[in-house]
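For the sequence shown, full-length UniProt numbering gives the first residue as 1, with consecutive numbering after it. Ideal placement from N, C-alpha and C gives every residue a C-beta, glycine not left out. Computed from a predicted model, the values in this text were never measured in an experiment. Below is one structure, written out as structure tokens, with a few remarks after it.
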Amino acid sequence: MKWWHNEKVSVVWTVFRIWLGIKWFEAGWHKVNDGFDASGFLQGAMAKATGEHPAVQGWYAAFLENFAVPNVELFNFLIPWGEVLVGLGLITGLMTIPALLAGAFMNLNFLMAGTVSTNPILLTVAVILLFTGKGAFHWGADRWIMPYLKQNLVHKKDNHHKKPIVV
């Protein structure tokens, strides 16, 4: 067993995971309850793509201008609810790896849009937890759900492809 999968060390990963989940949940819940409109954020990010030392790369500004802005209503839904779901997943330890990946992806996009804030810290914690693997969810719902799903999904898949033996 690797040291980072150890039951005792997993307590540390759990504290980090829950802390990260709370940060995501609070950010998302605030947006869901107070209303969220990404329009101003997107316009501000595109403005940061100009000048001698742009904070936003031109290709990313083009993505924002040509995809995100025309589909801002989609982003107004996805961002708050994505943050809430990432938070819930991390707090409960349910679907931990997908939640970490989704959170890291959002942090990366916020950074590419020129928003530093807490994004580097949150991204770093997510990457560390991704590297710990099952150590990140040893004390969470995935500890029991993932083995069950693997056993039942793999078992059913294997049985489905086997041909009956005819004697």
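Kindly indicate the opening and closing residues of the alpha helix (DSSP H) around residue i.
{"i": "GLU52", "result": "It is not in any alpha helix (DSSP H) - GLU52 carries neither H nor E in the DSSP assignment."}
Please state if the CB of residue j and the CB of residue i are separated by a distance shorter than 9 Å.
{"i": "ALA113", "j": "PHE41", "result": "yes"}
{"i": "TRP13", "j": "THR92", "result": "no"}
{"i": "MET46", "j": "LEU64", "result": "yes"}
{"i": "PHE105", "j": "ASN76", "result": "no"}
{"i": "VAL9", "j": "GLY103", "result": "no"}
{"i": "TRP144", "j": "VAL11", "result": "no"}
{"i": "THR118", "j": "ARG17", "result": "no"}
Only counting the same chain, and skipping five residues up and downstream in sequence, which positions put a Cβ closer than 6 Å to that of residue i?
{"i": "LEU130", "result": "LEU100"}
{"i": "VAL69", "result": "LEU42"}
Within 8 Å: the Cβ of residue i and any heavy atom of the ligand NAD?
{"i": "GLY28", "result": "You won't find the ligand NAD in this model; it holds no ligand whatsoever."}
List the whole-angstrom C-beta distance separating residue i from residue j, where the pair is believed to meet the contact cut-off of C-beta under 8 Å.
{"i": "LEU108", "j": "GLY21", "result": "Contact flag wrong, Cβ pair sits at about 18 Å."}
{"i": "GLU83", "j": "TRP24", "result": "5 Å"}
{"i": "GLY28", "j": "PRO98", "result": "16 Å between Cβ atoms; not a contact."}
{"i": "LEU94", "j": "ALA141", "result": "4 Å"}
{"i": "VAL56", "j": "ALA49", "result": "4 Å"}
Only counting the same chain, and skipping five residues up and downstream in sequence, which positions put a Cβ closer than 8 Å to that of residue i?
{"i": "VAL32", "result": "PRO80, TRP81, VAL84"}
{"i": "VAL72", "result": "ASP37, ALA38, SER39, LEU42"}
{"i": "VAL125", "result": "PHE16, TRP19, LEU20"}
{"i": "ILE121", "result": "none"}
Beta-carbon within less than 7 Å of residue i's beta-carbon, same chain only, minus the 5 sequence neighbours each way: which residues are those?
{"i": "PRO54", "result": "LYS48"}
{"i": "THR7", "result": "This sequence places Glu at residue 7; Thr is not what is there. HIS138."}
Could you tell me which uninterrupted alpha helix (DSSP H) segments, each at least 4 residues in length, are contained entirely in the segment 85-155, listed from first to last along the chain? 96-112, 119-132
Enumerated in chain order, which unbroken segments of the alpha helix (DSSP H) with a length of 4 residues or greater are wholly contained in the segment 2-60? 7-34, 39-47
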